[in-house]
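**Q** The structure that follows is given in the form of structure tokens.
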Amino acid sequence: EAGVAQSPRYKIIEKRQSVAFWCNPISGHATLYWYQQILGQGPKLLIQFQNNGVVDDSQLPKDRFSAERLKGVDSTLKIQPAKLEDSAVYLCASSLDLAQYFGPGTRLTVL
Amino acid sequence: DAKTTQPTSMDCAEGRAANLPCNHSTISGNEYVYWYRQIHSQGPQYIIHGLKNNETNEMASLIITEDRKSSTLILPHATLRDTAVYYCIVPPPSWGKLQFGAGTQVVVTP
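Structure, rendered in structure tokens:
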């Protein structure tokens, strides 16, 4: 079965610019997660969707980050405007039950 | 969430078994123990999970103590490709939120 797909794999932007990441979960997985992983740290959950509804977005910096999953399948994560400290790998994961399956991530560099 | 404690790093010889310990002394009766690993420059990979019985799959075995306060992940025949950071996680039972700690950096050497 196909895994979680993410694009782009790499993105370099300047601070105050905007950026968007796309995720296509494993087919049939109702739950989708976005994580942020800063270099040298473990991933940190930003937002969790159950179908197209938000379950947990307590760690999402809502002044600059937004995410949507309009049709309950694909999802996009946006940052506007980006700051230097947003440089990280953004990971998407999906799950059918409790085990989560991760995509390869998008490495964002903010200059 | 039940807090987990893992060693920072460990080395293992190729072909030998790697035994990765994890302490989770505050675990509740309905909380599962999950193990993930992250190979350099890749996303985390699910390995195995268990409640109280020992579990085995094609990747590893999970041994959970009778009091459930600790567990051990066993990679039966470590290969160079098993070099990764291994995370032991006990998520809340109500939903699947994973709290990743620092994990154990495992280096498999020839």
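Going line by line, the protein sequences match chains A and B.
FYI, in our numbering the residues of the first sequence are 842 to 952.
FYI, in our numbering the residues of the second sequence are 167 to 276.
Built from N, CA and C at the ideal position, the CB exists for glycine as well.
Quantities reported herein were computed from a predicted structural model and do not represent experimental measurements.
1) If you compare alpha carbons, which of A:Phe943, A:Gly913, A:Gly894 and A:Glu926 is closest to Pro902 (chain A)?
2) For Ala934 (chain A), which residues does DSSP report across the bridge?
3) Nearest CA to the CA of Gln921 (chain A): which residue from A:Leu911, A:Asp904 and A:Tyr931?
4) Among all the DSSP beta bridges, which residues are the ones paired with Gln172 (chain B)?
5) In angstroms with no decimal places, state the Cα-to-Cα distance between Gly209 (chain B) and Gly946 (chain A).
6) Taking DSSP as the reference, what is the three-state secondary structure of Leu901 (chain A)?
7) Ignore the nearest five residues each way along the sequence and tell me which others in Leu911 (chain A)'s own chain have a CB closer than 8 Å to its CB.
8) Using a Cβ cut-off of 9 Å, pull out every chain A residue sitting near His215 (chain B), in sequence order please.
9) By the three-class DSSP mapping on this structure, what secondary structure does Glu224 (chain B) have?
10) Hey, would you say Leu932 (chain A) sits closer than 9 Å to Ala861 (chain A), going by beta carbons?
11) Just the chain A side, please: which residues come within less than 8 Å of Gly267 (chain B) by C-beta, in chain order?
12) Taking the C-alpha atoms as reference points, what is the distance between Ser227 (chain B) and Arg850 (chain A)?
13) What are the complete beta strand (DSSP E) segments, minimum 3 residues, inside the region 199 to 265 of chain B?
14) Say whether the region 202 to 216 of chain B touches the region 250 to 258 of chain B, bearing in mind that this needs 3 or more beta-carbon pairs closer than 8 Å, one atom from each stretch.
15) Is it the case that the Cβ atoms of Lys856 (chain A) and Val930 (chain A) are separated by a distance below 9 Å?
16) So Thr174 (chain B) and Ala268 (chain B) are in contact, right, with Cβ under 8 Å, and what is the actual spacing, rounded?
17) What would DSSP say about Asp177 (chain B), mapped onto helix, strand or coil?
18) Among B:Val273, B:Cys178, B:Gln265 and B:Thr275, which residue has its Cα nearest to the Cα of Thr170 (chain B)?
**A** To lay it out plainly:
1) The residue given as residue 902 (chain A) occupies position 61 in the first sequence. Minimum Cα distance to Pro902 (chain A) is reached at A:Glu926.
2) Taking the first sequence and counting its residues from 1, one reaches residue 934 (chain A) at position 93. Listed as beta-bridge partners of Ala934 (chain A) by DSSP are A:Tyr874 and A:Phe943.
3) The sequence position of residue 921 (chain A) within the first sequence is 80, counting from 1. Answer by Cα proximity: A:Asp904.
4) Translated into positions along the second sequence, residue 172 (chain B) becomes position 6. None; Gln172 (chain B) has no bridge partner.
5) Reading the second sequence from its first residue, position 43 is the one you call residue 209 (chain B). Reading the first sequence from its first residue, position 105 is the one you call residue 946 (chain A). Gly209 (chain B) and Gly946 (chain A): Cα-Cα distance of roughly 6 Å.
6) The residue you call residue 901 (chain A) lines up with position 60 of the first sequence. Note: Leu901 (chain A) maps to coil in three-state DSSP.
7) Taking the first residue of the first sequence as position 1, residue 911 (chain A) is located at position 70. Result list for Leu911 (chain A): Asn893, in chain order.
8) Residue 215 (chain B) sits at position 49 when you count from the first residue of the second sequence. Simply Leu939 and Ala940.
9) As a working mapping, residue 224 (chain B) is identified with position 58 in the second sequence. Here Glu224 (chain B) sits in coil by DSSP.
10) As a position in the first sequence, residue 932 (chain A) is number 91, starting the count at 1. As a position in the first sequence, residue 861 (chain A) is number 20, starting the count at 1. Contact flag unset, no.
11) As a working note, residue 267 (chain B) is residue 101 in the second sequence. Within 8 Å Cβ-Cβ: Gly883.
12) On the second sequence, residue 227 (chain B) is found 61 positions in, with the first residue counted as 1. On the first sequence, residue 850 (chain A) is found 9 positions in, with the first residue counted as 1. Those two C-alpha atoms are separated by around 33 Å.
13) Annotation note: the region 199 to 265 of chain B contains the following uninterrupted beta strand (DSSP E) runs of length 3 or greater, listed N- to C-terminal: 199 to 204, 211 to 216, 227 to 230, 236 to 241 and 250 to 255.
14) yes
15) The residue you call residue 856 (chain A) lines up with position 15 of the first sequence. The residue you call residue 930 (chain A) lines up with position 89 of the first sequence. Cβ atoms of Lys856 (chain A) and Val930 (chain A): not closer than 9 Å.
16) Locating residue 174 (chain B) in the second sequence gives position 8, where the first residue counts as 1. Locating residue 268 (chain B) in the second sequence gives position 102, where the first residue counts as 1. The pair is a contact, with the Cβ atoms about 7 Å apart (cut-off 8 Å).
17) Stepping through the second sequence from its first residue, residue 177 (chain B) is reached at position 11. Three-state result, Asp177 (chain B): strand.
18) If you number the second sequence from 1, residue 170 (chain B) lands on position 4. Of the candidates B:Val273, B:Cys178, B:Gln265 and B:Thr275, the one whose C-alpha sits nearest the C-alpha of Thr170 (chain B) is B:Gln265.
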